[in-house]
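Accompanying notes for the structure given below.
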Amino acid sequence: MRIHTREKAFECPVCRKRYVQSSDLKRHMLIHNPGDEGKPFQCEYCLRRYPRKDYLKVHIRKQHPNRPEAVNMMGTFEAVAAGLVERIEPMPMAVEDFMIC
1014 MRIHTREKAF ECPVCRKRYV QSSDLKRHML IHNPGDEGKP FQCEYCLRRY PRKDYLKVHI
1074 RKQHPNRPEA VNMMGTFEAV AAGLVERIEP MPMAVEDFMI C
């Protein structure tokens, strides 16, 4: 029932910051790990490292926007709007694809 009361029962032993869920504390603890083991996600273009995969995704999307991975991380609409792809071609469909036997 801690979720509903928002009681922060999980405390970081390093900085004393508190969290409602243990998973949030576990994710937070990554920032206290020194060196590369605390930052397992590495950019393949500039070799910067990040403690969380979502941080790496944001980095690639902002710092390397013309790379194919950046386009894949964006939604189709955002990639077209950003001019990273000209347009998305529709897949050809056959009438048989819609028939129910």
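For the sequence shown, my numbering gives the first residue as 1014, with consecutive numbering after it. Backbone N, C-alpha and C define an ideal beta-carbon position, used for all residues, glycine too.
Nearest in C-alpha terms to HIS1045, of all of ASN1079, CYS1028, HIS1072, TYR1068, is CYS1028. Restricting attention to beta strand (DSSP E) runs no shorter than 3 residues, the segment 1049-1085 encloses none. Annotated three-state conformation of ARG1031 is strand, per DSSP. Put simply, of TYR1063, CYS1025, GLU1057 the residue whose alpha carbon is nearest the alpha carbon of HIS1077 is GLU1057.
Counting only residues of its own chain and dropping the five nearest sequence neighbours on each side, GLN1055 has a CB closer than 6 Å to the CB of ARG1062.
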